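Below: one structure, written as structure tokens.
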Amino acid sequence: MTALTIPTAAGLAEPALASQRVFRQALEAMARPGTVVGTEIVLAPPAPLSRAAGALILTLADFETLVWFDRAAQSAADYVRFHTGAPLAAQTADAAFAIVADSTNLPPLTAFALGTDEYPDRSTSLIVEVESIAGTGPLMLSGPGILGRRPLGVHGLAPDFWHQWRTNHRAFPRGVDVFLTAGARFVALPRTTTVET
Amino acid sequence: MSDRQTKRAPTALADRQAWLGTLARAPAAALAEAWAGLNPKPGYRCVRGPETGLIMVRGRAGGTGQRFNVGEATVTRCTVALDDGLTGTSYALGRDRERALYAALFDALLQDPARRTVIERDLLDPVRGALVAKESATARKAAATRVDFFTVAREGSE
Amino acid sequence: MYVAVKGGERAIENAHRMLAETRRGDPATPELATTQLVEQLTLAVDRVMGEGSLYDRDLAALAIKQSRGDLIEAAFLLRAYRTTLARFGAAEPVDTNAMRVVRRISSTFKDVPGGQVLGPTFDYTHRLLDFSLAAAGTRPEAPVSTTPLAGKLPRIGELLEREGLIEPVVPDAGDAPVGDLTRESIDFPADRDVRLQNLARGDEGFLLALGYSTQRGYGRNHPFCGELRVGRVALEYVPEELGFAIELGDVDLTECQMINQFKGSAEQPPQFTRGYGLVFGHAERKAMAMALVDRALRAQELGETVVAPAQDQEFVLYHSDSVQATGFVEHLKLPHYVDFQSELVLVRGMRVECGQVQAEAAE
């Protein structure tokens, strides 16, 4: 275990209440893929974590969930470890959660834990920082939780992400789930969602 | 005792372990009084907590064998950052948040050599003294219940 | 089958208010302070901490007051409360060798090093009601010895180990995961760590009866109370942000080392084996029963035939938990109106069929 430096940035104020609110939002976002959610949680996580990514990981991680940080997110690792007690995942495939601050260098989705047919829940949930997300745009989402089709605009993802996403979707019931975060906003992409580009 | 060493402990590790153990057992009133007596009081902010959670208590089968979980205990912890940059941390059994805050503050202050002597004298020494006295009293009462066996000579035996 | 039934809200609300009034009793009698329970009903408080699986005397006392002294209900309240708190992590295993004992006895060696320390015990009392306690105002004082007890008392097992007469205790790998039944359901056969956790939080009455059954011949294993110690140990924890162990305070524990005869097997010569009990607070009966049942549950590991309930892992581990047991038994009080209607229809139908068959046979 690498030593941990106590961060100067505070975690969630009123952790029980705040994390319940964020969890509810994450649940809503997963239930209605593509819906852009804005968190009103007051939080100032260290760079490069956005407010949304910080709120999500502080809410979801605990001492039993291994968290993987990409190179760009390393500077926020101690902050997350200190406030959640989460251990570091040495490898992407061990991670319950992954924080990706540099979305253009996202590891292949298949490098993360995909779960098994018996336990599809034993997979990684990714929190990927992007430049911006909007409820309008060229992407068309469909699948469970979406009546018809839902538009989405995302800036800052690697060009092959949506190609990988199709592979991920086809692996159902295995696969990863993704939160895209930008500033105080986030959107969920569960593995059940089809995305037309 | 863990053999893991902290890289950043500004004072000797054993000293800090000792005072953290004392702060964890100090009566809340003693901490509050010592804080009230500080002049000037340092500025600070809470980085984490004070918050109450659980620590799993573990034992070993047969006393020294395979580890197992006995049950959880309530623990309250706090981490503070003083305005001068020192951070202090406290963990103690129970659910007293105020006392967790004071303990964290004193952990930070004790890392400042200029402050340490006074806090040792005014807070830690009296608290340690009281704890030792209480333990000693219990141990002496228990000792009074120790059985002294004596052999009874058998009747008629030569 | 469960069907939502509406109504009864007013009745339930009023029942809860009646409960509150009944709990308080006659207002002319002073109300119990939870500190009184902590100080004077210590063994009830300790039992609730053990079965509630939560070390916090103040909360256990509050739970006892709230539950009108129903200790299983109180344990239930603690179990519910603990689910509202985050777990920071796991403490270092307690060092019971370093226990500051208030009581320590061995029924196997009279001259055990450190001596037989009786402590605050009911043993050797005459079980006669003490009417002086009915009057308030007593302030008994315990005699004080001029010399305190020795710091560390050696374990009884160590004496037998030197001669190889008892199975050795094998320490585990320091980084081996520790099974936790509060996070993962039990798989059978269950490992000893999970079994001990289950027993540590198990119902005292159930474990007492099972332990007793082994003594009466249902899975007999010839136990001796090698050692029973009650006292205080420091609780150590390594916070990640500090990187070294710190003491969080002290916890009171009761530990029982049961020594049991073992006939030996093809691989092993006859020797003594061990059963182990470790419980929150002062809980001798529970620690002893736990040690008896722990030893009985080692039957398979020691190559013994499983013939008795106390040796049957599924039977013991699935029925030891007072909260689970009370939940399932007491749920029978809840409305089963529709289940019972369907049973009625079924029985009526069967009776009609049965009548027809008899009528045809008579023709």
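If you read the sequences in order, they're chains A, B and C. Per our numbering, the first sequence starts with residue 1, numbered consecutively. Per our numbering, the second sequence starts with residue 1, numbered consecutively. Per our numbering, the third sequence starts with residue 1, numbered consecutively. Glycine is no exception: its CB is placed at the ideal position from the N, C-alpha and C atoms. Just so you know, these numbers come straight off a predicted model, no measurement behind them.
Does DSSP classify residue i as helix, strand or coil?
i      : result
C:L210 : helix
C:Q313 : helix
C:D252 : strand
A:R191 : coil
A:D177 : strand
B:G62  : helix
B:G88  : strand
C:R68  : coil
B:Y44  : strand
C:R129 : The sequence given here places Leu at residue 129 of chain C; Arg does not occur at that position. In the structure shown, C:L129 sits in coil (DSSP, three-state: anything other than H, G, I, E or B).
C:N221 : coil
A:G34  : coil
A:R81  : helix
B:M1   : The pLDDT assigned to B:M1 is 36, lower than 50, so where the model puts this residue is not dependable; a value taken from the coordinates is nonetheless given after this. Coil, per DSSP.
C:T96  : helix
C:S53  : coil
B:A133 : helix
C:Y318 : helix
A:S103 : helix
According to the Cβ coordinates, are residue i and residue j closer than 8 Å?
i      : j      : result
B:G63  : C:R155 : yes
C:D203 : C:E51  : yes
A:S98  : A:L126 : The sequence shown places Ala at residue 98 of chain A, not Ser. Yes; because the gap between Cβ atoms is below 8 Å, this pair is in contact.
C:G281 : C:D252 : yes
C:I259 : C:I186 : no
A:I133 : A:A184 : no
B:T52  : B:L124 : no
C:F244 : B:L13  : yes
C:I64  : C:A74  : yes
C:D56  : B:A36  : no
C:A296 : C:A310 : yes
C:F224 : C:T121 : no
B:D122 : B:A28  : no
A:V128 : A:V80  : no
A:P33  : A:G145 : yes
Who are the near neighbours of residue i in its chain, counting only those whose CB is closer than 6 Å to its CB and skipping five residues on each side?
i      : result
B:L101 : P50, C78
A:T5   : D78
A:A111 : T92
C:F88  : none
Mind listing the chain A neighbours of residue i? Cutoff is C-beta to C-beta under 7 Å, in chain order.
i     : result
C:R87 : F63
B:E51 : P15
What is the C-beta distance between residue i and residue j, in whole angstroms, given that I count them as a contact (C-beta under 8 Å)?
i      : j      : result
C:V144 : C:V230 : C:V144 to C:V230, Cβ: 19 Å. No contact.
A:V37  : A:A29  : 5 Å
B:C46  : B:V80  : 6 Å
A:L114 : A:R51  : Actually they are not in contact, since the Cβ atoms of A:L114 and A:R51 sit about 29 Å apart, beyond 8 Å.
C:M290 : C:L199 : 5 Å
A:W68  : A:A95  : 4 Å
C:Q257 : C:R274 : 6 Å
C:V364 : B:T145 : Nothing can be reported for residue 364 of chain C, as the shown portion of chain C is limited to 1 through 363.
C:A283 : C:R104 : At roughly 15 Å, the Cβ-Cβ gap does not stay under 8 Å, so C:A283 and C:R104 are not in contact.
Residue i touches chain B at which residues, Cβ-Cβ below 7 Å?
i      : result
A:I6   : V47, T79, T87
C:A200 : V70, G71
Which residues in chain C have a C-beta closer than 9 Å to the C-beta of residue i? List them in chain order.
i      : result
A:R81  : E240, E241
B:G129 : Result: empty, since nearest Cβ-Cβ is about 16 Å, beyond 9 Å.
B:K134 : Going along chain C, no residue has its Cβ under 9 Å from B:K134, so there is no contact; the nearest lies around 11 Å.
Who are the neighbours of residue i on chain C, taking C-beta pairs under 8 Å?
i      : result
B:A114 : Neighbours of B:A114 on chain C: none; closest Cβ ~22 Å, over 8 Å.
B:I55  : R87, F88, G89, A90, A91, L235, Y237, L248
B:Q17  : F244, A245, I246, E247
B:R121 : Under the 8 Å cutoff, chain C gives no residues; its nearest Cβ is about 22 Å from B:R121.
Looking only at its chain, what residues have a beta carbon closer than 7 Å to the beta carbon of residue i, apart from the 5 residues adjacent to it on each side?
i      : result
C:L100 : Note on identity: in this sequence residue 100 of chain C is Arg, with Leu being the wrong assignment. Closer than 7 Å at Cβ, skipping near neighbours: G231, R232.
C:V323 : A75, F76, R79
C:A136 : none
C:G249 : L235
C:F423 : Outside the displayed range of chain C (1 to 363) lies residue 423 of chain C, so it cannot be described from this structure.
For a contact defined as C-beta to C-beta under 9 Å, what are the partners of residue i on chain B?
i      : result
A:A10  : R45, C46, V47, R48
C:F280 : V57, V70, G71, A73
If you drop the 5 nearest sequence neighbours on each side, which residues of the same chain put their C-beta closer than 8 Å to that of residue i?
i      : result
B:A24  : S90, Y91, A92, L93, A103
C:F403 : Outside the displayed span of chain C (1 to 363) sits residue 403 of chain C, for which this structure offers no information.
C:T372 : Because chain C spans 1 through 363 in this model, residue 372 of chain C falls outside it and cannot be assessed.
B:A139 : none
Would you say residue i touches the ligand COA, meaning its beta carbon is less than 7 Å from a heavy atom?
i      : result
C:V169 : This structure does not include the ligand COA; it has no bound ligands of any sort.
Name the chain B residues that come within less than 8 Å of residue i, Cβ to Cβ?
i      : result
C:P269 : Those within 8 Å of C:P269 in chain B number zero; the least Cβ separation is about 20 Å.
C:R103 : A142, T145
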